[in-house]
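Working notes, beginning with the structure itself.
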Amino acid sequence: MAGWSTACPDWEARILAGGTLVPDLPLFEAEAARAERIFNRLRIPDVIGKPTMAESGTEWLLPIVRAIFGSYDPETNRRMIQEFFWLVPKKNSKSSGAAAIMVTVLIVNRRPLAEALLVAPTKEIANIAYKQAWGIIQADAELAKLFHGQHHVRTITHRNSGASLQIKAADTDVITGSKATYTLIDETHVFAKKPRAADVFVEVRGALAARPDGFLIQVTTQSKDTPSGVFKQELETARKVRDGEMQLPLLPVLYELPARLVTDGGWKDRKLWPLVNPNMGRSVDETFLANQLLKAEQEGGDALALLASQHFNVQIGMGLGGNWPGAEFWGRGVDTTLTLDALLERSEVVCIGIDGGGLDDLFGLCVLGRDRVTRDWLAWSHAWCHDGVLARRKSIAVKLREFEGAGELTIVDDQLKDIEAIVGIVERVKDAGLLARVGVDPAGLGELIEAFAEIEVTQEAKLLIGVSQGYGLMNAIKTAERKLASATLRHSGSTLAAWCVSNLKIEPTATAIRATKQNAGDAKIDVAMSLFNAAALMATNPEPVQTRSVYEGRGLHLV
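2 is the number of the first residue of the sequence shown in the numbering used here; add one for each residue after it.
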């Protein structure tokens, strides 16, 4: 598809200038202009005076509308761009725009009996979406004659072509996309959590293969927690296409700030708000947002995270003030060759940190080695959790399964197989003659003492150490972040470890700092804390404790 690249590598400059995020495309002008005229004529039914879309100040929507409909080739009945991913904060006329787009497609559609599907996250929002679409039609006398509404099933049908728009609720209706020509999913981050979400996306895309004139539009805000599962995949794909790393017939329109402007609470700068809220001054009120920010700062981390994600499209874990400074450099420290075997081969000494272990927690372990040549620190991590965590923490169950699939997390039953596995790793390091110490949160020493005693890793042997927590970890935290910044701490690139690092929050006092969760509840930091426990020991410049006779290696000398 020569000329149909949807990459927008200059998106940062465009968004900072307040420009369109739709790149230049060789649109079929007649199709684009026709859809634009129809879209502009539609009236917003729930606003005083029922202004048209053209009168309501939604100029920023027009390049998107033109791209959706102007990518259709009437000679071949093929749409050159079949997918659209639209990331925009709340209150920016998403619902009005989505309803107007779906009404427009019913008007311009050429396929007899075509099925259009709008999937709303809840029954309440589905009812609102239907009222919006039907209200648009009823506000125009000509359209009112052209369409028939079946309110009890939220369906609108074109009397001449037989094309229909059905609006379904993801939380109550059975969702399939196998026959839809046109599909719009509202709030992908919510829909993606449904058990069959991945299957529905497969069905929708399968339908597009048989209907090349069709499209799939996703309209969503950021997730209320760290992106995972289907939503994470869809968002990452959209970003790769936008950045030119992947070429697909997909147009990403992502109203998000460059990462450098988001970190450490940078998104709180009011000058940046209109850049990601294109309807600022109309459906979005700056004073309202300022008041919500003031309120959220009083309520704490959870409220700030929710506000940032929903009104400024800040991805959870990226933009809250107080996050661990080392997180900024975490990505630079990845060494994908750093398996446990490779770490033991390269290291002259190893410290092991352990954290967590409750039935509602992860049991995090970090093996931290010191390179025998460069003396850089080398980190490899793993975690365990009981299967009950998936039931108690449903919001992160999909994420935990992803970590399990990546080989970074082991999900166990209640037979204490986690401790057995941890002891096995420690014993392996000890048998290699590399073990200096094992550092554990003193609160979690109980059941570990007996298990480690079986391999002679004890407090009496100075191999098992209770590491002071809270403010006592300050030196380890600062040492780890300095080593990440100077590229002298390398790690295996575990996505689980990266998630735990993104969940960290640093709380300062007048004389010290301590690490805690950035968001209460389902956010986990155990793997990051196990790194700090290991770093506290490695910072003392240890040597491996000799646990075997020197004669095992060189034999006896007889005289």
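Heads up, the beta-carbon is just placed ideally off N, CA and C, and yes, glycines get one too. Quantities reported herein were computed from a predicted structural model and do not represent experimental measurements.
- If the five residues before and after Leu209 are omitted, its C-beta is found closer than 6 Å to the C-beta atoms of Gln83 and Gly215, all from its own chain and listed in chain order.
- Three or more Cβ pairs closer than 8 Å define a contact, and the region 480-496 meets that threshold against the region 374-387.
- Met247 sits in coil when the DSSP states are folded into three classes, being neither helix nor strand.
- A Cβ-Cβ separation of about 7 Å places Ile456 in contact with Lys431 under the 8 Å criterion.
- Cβ-Cβ separation between Thr21 and Arg15: approximately 7 Å, consistent with a contact (criterion under 8 Å).
- Non-local beta-carbon contacts of Gln219 in its own chain, meaning distances under 6 Å to residues more than five positions away in sequence, involve Phe86, Ile186 and Thr189 in chain order.
- Rounded to whole angstroms, Ala55 and Arg42 show a C-alpha spacing of 7 Å.
- In the pairwise beta carbon analysis, the region 60-73 is classified as touching the region 95-108: at least three pairs are separated by under 8 Å.
- Contact between Leu118 and Ala130 does not hold, since their C-beta atoms are separated by about 11 Å, which reaches or exceeds 8 Å.
- Within the same chain, Cβ atoms closer than 6 Å to the Cβ of Thr222 are found at Pro90, Lys91 and Gln311, the five residues on either side in sequence being excluded.
- A straight-line Cα-Cα distance of about 15 Å links Val104 and Leu114.
- In this structure, Leu366 sits near His383, with a CB-CB distance shorter than 8 Å.
- Pairing Pro259 with Ala239 gives a Cβ-Cβ distance that is not under 8 Å.
- Per DSSP, reduced to three states, the secondary structure at Asp226 is coil, with no helix or strand assignment.
- Note: Val351 is bridge-paired with Gly370 and Leu436 in the DSSP secondary-structure output.
- The beta carbon of Glu32 is closer than 6 Å to those of Phe70, Gly71 and Tyr73 in its chain, skipping five residues each way along the sequence.
- Ser224 is the residue among Ile426, Gln248 and Ser224 whose C-alpha sits nearest the C-alpha of Ala306.
- In the three-state reduction of the DSSP assignment, Asp342 falls in the helix class.
- A check of alpha carbon separations from Ala140 across Pro326, Val424, Val413 and Pro52 identifies Pro52 as the nearest.
- By the Cβ criterion, the region 335-352 is not in contact with the region 276-293, since fewer than three pairs of Cβ atoms, one from each stretch, lie closer than 8 Å.
- In this structure, the alpha-carbon of Val546 lies about 37 Å from that of Glu403.
- About 20 Å separates the Cβ atoms of Phe330 and Trp268, ruling out a contact at the 8 Å cut-off.
- In its chain, beyond the 5 residues on either side, Thr177, Gly178 and Ser179 have a beta carbon closer than 7 Å to the beta carbon of Glu204.
- Counting along the chain, the unbroken beta strand (DSSP E) around Arg491 starts and ends at Leu490 to His492.
- In chain order, Ser382 and Glu409 place their CB closer than 6 Å to the CB of Ser495, counting only its own chain and leaving out the 5 sequence neighbours on each side.
- Counting along the chain, Ile126 sits inside the alpha helix (DSSP H) bounded by residues Lys124 to Gln139.
- DSSP places His152 in no beta strand (DSSP E); its state is neither H nor E.
- For Val106, the uninterrupted alpha helix (DSSP H) run begins and ends at Lys95 to Val109, by DSSP.
- Linking Val231 to Ala498 through their CA atoms gives a straight-line distance of about 20 Å.
- Counting only residues of its own chain and dropping the five nearest sequence neighbours on each side, Val191 has a CB closer than 6 Å to the CB of Pro122.
- Cα atoms of Thr182 and Pro213: separation of roughly 8 Å, rounded to the nearest angstrom.
- Three or more beta-carbon pairs separated by less than 8 Å link the region 423-439 to the region 351-370, which places the two stretches in contact.
- Your pair Gly136 and Pro46 checks out as a contact, with CB atoms roughly 3 Å apart and the cut at 8 Å.
- In the same chain as Asp414, and ignoring 5 residues on each side of it, the C-beta atoms closer than 8 Å to its own belong to His387 and Asp388, in chain order.
- The Cβ atoms of Leu505 and Ala309 lie no closer than 8 Å to each other.
- Of the candidates Pro326, Val399, Leu251 and Asp270, the residue whose Cα lies closest to the Cα of Leu26 is Leu251.
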